[in-house]
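Working notes, structure below.
Numbering (the working numbering), first residue to last: 37 to 291.
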């Protein structure tokens, strides 16, 4: 009974944190969840249908308060013409209550204006000093690109709780200096903008209902990019993240 009570309490708490969108989706160049972006390193909840690139990166995330949480992750992607392969590893800690370590592989293929991708991973989860278990995650994504717009759909979840409906995202990049997005998981709606400057990017994101806000600044030089993000959601303490990535090979122009 001790295990059942504590397991239930921890799982409910973790689900509550994840519902605010801060839980363990790194690396975070699109840090507050532009999961439908047409390019970028993988996260646990990002679409695998992304443009091919050869990049590596790492990130860290932390939220402080009565119950603190933090995460570290590393990711990479590689390009073989119109094929993209990617990996992600992460470690997450919720105070002294809960731990999670996971790895995922994903791939995508570009055909004309259509991108299709899939991914699979395994999580080891445990209560320190108590029980441990494994969970398996799968995801599949499909996107189409035309006239500066990218429309993406994503199925993502654990094998025991695949969502009934795919998430949807509309990403708009009318020029090389500005882009915007709107996306939904059918429980919340997120909107945001990305301003691409000569020295880096400025990003903002908002989510409703249960208002949440995030802001990020990044800098780039010589193939390296680094950024910091900050977010807040309702009465919960704010979160902060930092990330670093290196593009190893210039990405082809697929437009």
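Think of the CB as a built atom: it goes at the ideal place given N, C-alpha and C, for glycine as much as any other residue.
Backbone secondary structure at residue i - three-state DSSP
i           : result
residue 285 : strand
residue 237 : strand
residue 187 : strand
residue 270 : coil
residue 142 : strand
residue 172 : strand
residue 163 : coil
residue 135 : strand
residue 58  : With a pLDDT of only 34 at residue 58, under 50, the local geometry of the prediction cannot be trusted, and the value read off the model is given with reservation. Note: residue 58 maps to coil in three-state DSSP.
residue 63  : Because residue 63 carries a pLDDT of 37, less than 50, the predicted location of this residue cannot be relied on, and no value is offered for it.
residue 247 : coil
residue 82  : coil
residue 197 : coil
Anticipated Cβ contact below 8 Å, residue i with residue j, distance rounded
i           : j           : result
residue 275 : residue 263 : Contact flag wrong, Cβ pair sits at about 14 Å.
residue 141 : residue 123 : 5 Å
Inter-residue spacing [alpha-carbon to alpha-carbon] between residue i and residue j
i           : j           : result
residue 148 : residue 75  : 16 Å
residue 71  : residue 284 : 22 Å
residue 105 : residue 158 : 21 Å
residue 185 : residue 215 : 10 Å
residue 179 : residue 165 : 44 Å
residue 67  : residue 226 : Here the model assigns residue 67 a pLDDT of 41, short of 50, so the residue's position is not dependable and the matter cannot be decided.
residue 245 : residue 190 : 21 Å
residue 145 : residue 249 : 33 Å
Buried or exposed (CB count within 10 angstroms, at least 16 for buried), residue i
i           : result
residue 84  : buried
residue 167 : exposed
residue 279 : buried
residue 57  : Note that residue 57 has pLDDT 35, beneath the 50 cutoff, so the model's placement of it is unreliable and the number below is only indicative. The residue is buried, with at least 16 neighbouring Cβ atoms inside 10 Å.
residue 101 : exposed
Residues bridged to residue i (per DSSP)
i           : result
residue 229 : 216 and 240
residue 254 : 237 and 263
residue 150 : 147 and 180
residue 90  : 285
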